[in-house]
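Student: Structure below; questions to follow.
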Amino acid sequence: MQLQLFEIPKVEPTDFIPRFASANPLDPNNVDQVIEMLLEDGEMLFGKRVDPAPYSFDGIYFSSNVPIMKYREEEQKIVFRLSSDARNDNSKIVWQLAHECVHLLTPARLWTSMFEEGLACWFQMRWAKLCPQLFPEHKCNPEKCFANKRFLEAYTIVEELLKQDPDAIKKLRSLQPVISKFTPKLLVTELPQIDVPTAKLLCSRFAQKQRD
Ligand SMILES: [Zn+2]
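For the sequence shown, the residue numbers in the numbering used here are 1042 to 1253.
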């Protein structure tokens, strides 16, 4: 008997992710797939992910009210802590995963810069726009969804930058793969539209007690 090969249709993230988000209860295996899809999308836009070795990614858990990418030093694992109120809100899970996936793409270990946080917010907005069925209208309004003014400020600068030069991140990461290690000098050299004060602001440590 001749073996028949069927072409398996590729699942589009913009189909899969809303479907995932409407499933209840949440399937943890699908969470991994969503993370992988978000990372692949991030790589397409911003360049290859940085290998976090000796750390490895070990999934998500829910606790507290502030999402964060955590390094577990002893086990050498990276985990996403999502907020407790996201546990039963799959749209919120997607929203928070989109942000943390940018941190996973470019792990910096010590702290994150305004630039990296702004890009993480920009990527959240991208997915809110790609899956409008998942998000209440306010998710498409940065003023409303980034209640913390520091995130809004970081988002606004990165948004403007990417509007002018969609390949800016790829360009910069080909020279320095870790976004939080970008220097003002790198920015003003590679992106002529950026002035020195903005470059310094983007490369400064994101001032928040806890990283989001
Ligand atoms: Zn963050």
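We put the CB at the ideal spot given by N, CA and C, even for glycine.
Classify Y1102 as buried or exposed, calling it buried when 16 or more other Cβ atoms lie within 10 Å of its own Cβ.
Tutor: When all chains shown are included, Y1102 counts as exposed.
Student: Any idea which residues DSSP pairs L1022 with across the strands?
Tutor: A question about residue 1022 goes unanswered here, because the residues of the chain that appear run from 1042 up to 1253.
Student: To which residues of the same chain is F1223 closer than 8 Å at the C-beta, ignoring the five residues directly before and after it?
Tutor: Only S1154, F1156, L1213, Q1217, L1243 and C1244 meet the Cβ criterion.
Student: Looking at C-alpha atoms only, which residue of Y1196, R1246 and A1064 is the closest neighbour of R1150?
Tutor: The option with the nearest alpha carbon to R1150 is R1246.
Student: So for P1238, helix, strand or coil by DSSP?
Tutor: Reduced to three states, the DSSP call for P1238 is helix.
Student: Which residues in the same chain have their Cβ closer than 7 Å to the Cβ of L1171, if we skip the five residues on either side of it in sequence?
Tutor: Excluding positions up to five away in sequence, the list reads T1055.
Student: Hey, F1121 and C1162: beta-carbon distance below 7 Å or not?
Tutor: In this structure, C1162 does not lie closer than 7 Å to F1121 by Cβ.
Student: When the Cβ atoms of the segment 1108-1119 are set against those of the segment 1073-1092, are three or more pairs found closer than 8 Å?
Tutor: The answer is no - the segment 1073-1092 does not touch the segment 1108-1119, with fewer than three Cβ pairs under 8 Å.
Student: Return the CA-CA distance between V1075 and F1164, expressed in angstroms with no decimal places.
Tutor: Approximately 14 Å, taken between the alpha carbons.
Student: Exposed or buried, which one is G1159 when buried takes at least 16 other CB atoms within 10 Å?
Tutor: Answer is buried; the Cβ neighbour count reaches 16.
Student: Less than 7 Å separating the beta-carbons of P1059 and Q1174?
Tutor: Yes, the Cβ-Cβ distance between P1059 and Q1174 is below 7 Å.
Student: Can you have a look at T1147 and say buried or exposed, based on whether 16 or more other CB atoms are within 10 angstroms of its CB?
Tutor: Answer is buried; the Cβ neighbour count reaches 16.
Student: What residue does the alpha helix (DSSP H) around R1167 start on, and which one ends it?
Tutor: From DSSP, the alpha helix (DSSP H) with R1167 extends over M1155 to L1171.
Student: Verify whether the separation of the beta carbon atoms of L1232 and A1209 is less than 7 Å.
Tutor: Yes. Within cutoff.
Student: Under 6 Å Cβ to Cβ from S1221, same chain only, skipping five residues before and after it: list those, please.
Tutor: Result list for S1221: A1149, T1153, S1154 and E1157, in chain order.
Student: Might you give, ordered along the chain, the residues of its own chain that have their beta carbon closer than 8 Å to the beta carbon of L1080, omitting 5 neighbours on each side?
Tutor: Hits under 8 Å: R1090, C1142, L1145 and L1146.
Student: Compare the beta carbon distance of L1228 and I1235 with 7 Å and say whether it is the shorter of the two.
Tutor: It is a contact, given that the beta carbons lie within the stated cut-off.
Student: Got a sec: does ligand 1 put a non-hydrogen atom nearer than 6 Å to the Cβ of E1158?
Tutor: Under cutoff, so the answer is yes.
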